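Everything on this sheet refers to the single structure shown next.
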Amino acid sequence: MPDLPTPQDAAEAALFSECWDAVLSYADLCTAGSAAATELATEAFSLGMREAREAEAAVRGAGRRPARLPRIPLLLTAVRATAADWEMQGLGHRLDPDLRLWLNSDKAARYTGPPLQRPIALRGLRDLQAADAELLWLAEVEALPLPVVARRLGLDPATVGDELAQVRGLFRDRSHRNHLDMPMDAQCRSYARLLDAVTRSTSGETPEDLSRHLARCQQCAEAAACLRLHGGGLPAALAGGVIGWGGLAYLERRRRAAEVRLGAGRPPALEGAPPNPGAHKAKVVRNGLLVAAVLVSLLALAVSMMPGDDMESGAAQPGVSTEGEPVANPTSSVPAATSRAPGSAGTPTAPTGNPSESTAAKNSDPEPQGTSSASAEDPGPTRSVTPACRVEYSLVNQWPDGFQAEVTVTTAEALDDWRVTWSFKDGQKVTQMWDADFSQSGAKVTATAADYNKSVPADGSLSFGFLASWQSRNAPAYGFSLNGRECVKS
1 MPDLPTPQDA
11 AEAALFSECW
21 DAVLSYADLC
31 TAGSAAATEL
41 ATEAFSLGMR
51 EAREAEAAVR
61 GAGRRPARLP
71 RIPLLLTAVR
81 ATAADWEMQG
91 LGHRLDPDLR
101 LWLNSDKAAR
111 YTGPPLQRPI
121 ALRGLRDLQA
131 ADAELLWLAE
141 VEALPLPVVA
151 RRLGLDPATV
161 GDELAQVRGL
171 FRDRSHRNHL
181 DMPMDAQCRS
191 YARLLDAVTR
201 STSGETPEDL
211 SRHLARCQQC
221 AEAAACLRLH
231 GGGLPAALAG
241 GVIGWGGLAY
251 LERRRRAAEV
261 RLGAGRPPAL
271 EGAPPNPGAH
281 KAKVVRNGLL
291 VAAVLVSLLA
301 LAVSMMPGDD
311 MESGAAQPGV
321 STEGEPVANP
331 TSSVPAATSR
341 APGSAGTPTA
351 PTGNPSESTA
361 AKNSDPEPQG
371 TSSASAEDPG
381 PTRSVTPACR
391 VEYSLVNQWP
401 DGFQAEVTVT
411 TAEALDDWRV
421 TWSFKDGQKV
431 TQMWDADFSQ
441 SGAKVTATAA
451 DYNKSVPADG
461 SLSFGFLASW
471 QSRNAPAYGF
481 SLNGRECVKS
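Just so we're aligned: the sequence shown equals residues 1 to 490 in my numbering.
Structural data, given as structure tokens:
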């Protein structure tokens with residue numbers, strides 16, 4: 001751990017260890033490099049701990065608790081404040097470009113402006129008792145299992161679930177009150193009672209006129225997210241309302257980090273590393289085993305369907321029966337075996353030429369060639385050829401003008417670097433991405449590997465998430481390709 005403030009006692013030392021990973025995770029989102037992330041996290045941690053100690057001293061002197069955030073969100077807001085100071089001091093080039101735009105917009109001003117105009121989630125969390133606010137944040141945003149939360153806060157594991165349900169209700173009540181206290185126009189005021197009733201219902205049905213209003217009014221949409229305790233939207237409401245820029249990306253990182261820490265198979269030595277090394281690695285082993293089994297079955301089926309002449313020519317070339325490919329698609333890759341095969345029975349001209357030259361010619365063109373080399377003996381294209389890659393596009397969350405999605409690509413070949421491209425139909429614009437860098441030209445989006453996740457094993461998976469805006473329609477992305485080769489949707 002970098003040079004941080006000196007803990008006052010053993011309890012604070014343990015708290016430092018628990019909070020540092022969260023602070024570094026958000027600082028990494030806010031900066032343009034790992035060195036800047038560590039420096040920003042260290043400076044913000046010192047600032048946040050100083051503010052927390054001063055607040056605790058004031059409580060002891062005054063005899064009552066002033067409204068303040070729990071420890072982790074307090075430190076995260078210190079990261080945001082420190083980033084704003086960097087921008088004012090001429091160090092903005094070390095920050096993420098999108099964060100710089102946000103810091104200089106009216107959106108950032110809401111978090112430091114008049115209290116009644118600040119986000120409802122921020123005000124609601126501050127209004128809770130310290131223990132209740134800690135419980136809500138650790139369970140909803142940090143995504144820790146309730147037994148872990150109970151142990152950290154000294155609660156009874158048998159009753160912590162009931163306590164969390166009560167705290168959610170208290171947060172909803174505070175949010176409803178804060179919504180009514182906000183300055184609002186006559187139309188928003190007329191929808192306030194209906195919004196309260198709809199969000200209490202578990203049916204999930206929203207009247208059409210209220211739905212149109214929520215699509216246009218950010219203030220009421222934020223209130224709806226805080227008031228609706230069912231449907232799984234509370235974590236996003238808390239992260240976005242308290243942290244501000246990058247809140248949803250931070251939420252996704254913390255969920256992935258919790259999965260990796262609590263899942264089997266990750267070496268303990270990696271748990272203290274910064275949260276960048278790709279939480280998708282936990283999925284690689286599971287997906288790899290599944291894909292490997294499918295590949296073996298498909299290869300066996302392809303060999304069994306080859307004509308007798310191909311089998312005879314294959315007998316003269318060792319390894320062709322298990323490593324060769326059907327004639328219908330000479331460029332389709334076989335994991336781990338293709339790169340070592342001395343030759344291939346996949347083309348009718350292989351017996352008259354140099355097998356190694358044939359293999360080199362086959363691998364020189366990275367683009368799929370379809371059935372261009374099918375011979376007269378071949379009855380036509382076959383469906384048994386394994387695609388070079390498969391893609392799964394998942395819509396994680398959606399709100400009136402934006403959404404969060406995740407892309408997972410399974411590759412048949414081992415990769416030293418990767419580039420994933422796709423297109424949108426409805427003018428969606430990517431605004432932020434994690435576990436990859438991105439660029440967008442019109443409808444086409446290109447995601448490139450980060451420094452820490454360029455290598456992907458054969459039959460392995462790569463994944464990344466992003467935030468984007470949309471208007472009127474949000475059709476799924478299409479036309480995915482990996483390093484220029486078309487992917488099949490799972």
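Each residue gets a CB set at the ideal place from its N, CA and C atoms; glycine is no exception.
Please read these numbers as outputs of a predicted model, since none were measured by experiment.
Excluding its 5 nearest sequence neighbours in each direction, Ala249 has C-beta neighbours in its own chain below 6 Å: Leu29, Gln432 and Trp434, listed in chain order. A Cβ-Cβ contact shorter than 9 Å links Thr421 with Phe480. With respect to Ala412, Ala388 sits close: the two C-beta atoms are nearer than 9 Å. In summary, Val149 is buried, with 16 or more beta-carbon neighbours lying within 10 Å of its beta-carbon over all protein chains present.
Per DSSP, reduced to three states, the secondary structure at Gln166 is helical.
Per DSSP, Trp102 is one residue of the alpha helix (DSSP H) stretching across Pro97 to Leu103.
Between Val407 and the set Glu51, Val391, Ala258 and Trp418, the nearest pair of CA atoms involves Val391. As for any alpha helix (DSSP H) of minimum length 4 sitting wholly inside the stretch 111-168, the runs are 120-127, 130-140 and 146-153, ordered along the chain. If you look at Asp209, you'll find it in the alpha helix (DSSP H) that goes Glu208 to Arg216.
Gly465 has Glu406 and Trp434 as its beta-bridge partners, per DSSP. Pairing Arg212 with Ala186, the inter-Cα distance amounts to about 16 Å. For Gly124 against Phe171, the beta-carbon gap comes to about 5 Å, under 8 Å, which counts as contact.
In the DSSP assignment, Lys489 forms a beta bridge with Val391. Rounded to whole angstroms, Pro145 and Ala139 show a C-alpha spacing of 7 Å.
His176 is not a Cβ neighbour of Ala221, given a cutoff of 9 Å. Take the alpha-carbon of Asp417 and the one of Asn483: they are about 9 Å apart. Within 10 angstroms of the beta-carbon of Tyr452 lie fewer than 16 other beta-carbons, which makes it exposed. Taking 9 Å as the cut-off, the beta carbon of Gln428 is found closer than this to the beta carbon of Phe403. The bridge partners DSSP lists for Lys429 are Ser469. Within a 10 Å sphere around the beta-carbon of Gly240 sit 16 or more other beta-carbons, which makes this residue buried. Less than 9 Å separates the beta-carbon of Leu95 from that of Glu87.
Ranked by how close their Cα comes to the Cα of Val160, the residues Ala131, Asp181 and Leu180 have Ala131 in first place. Its chain contains Ala447, Thr448, Ala449, Ala450 and Phe464 as the residues whose beta carbon lies nearer than 7 Å to that of Ala436, once the 5 sequence neighbours on both sides are disregarded; these appear in chain order.
When secondary structure is reduced to three states using DSSP, Phe16 falls in the helix class.
In this structure, Val79 sits near Ala27, with a CB-CB distance shorter than 9 Å. Minimum Cα-Cα distance from Tyr393 among the listed residues Ala458, Val488, Gly460 and Ser439 corresponds to Val488.
Taken atom to atom, the span from the alpha-carbon of Leu155 to that of Ala133 is near 14 Å. Residues Glu87 and Gly92 of the same chain have their beta carbon placed closer than 7 Å to that of Arg100, with the five preceding and five following residues left out of the count. DSSP lists Val445 as the bridge partner or partners of Gln440. Counting along the chain, the unbroken beta strand (DSSP E) around Tyr478 starts and ends at Tyr478 to Leu482. Judged by their CB atoms, Pro400 and Arg216 are nearer to each other than the 9 Å cut-off.
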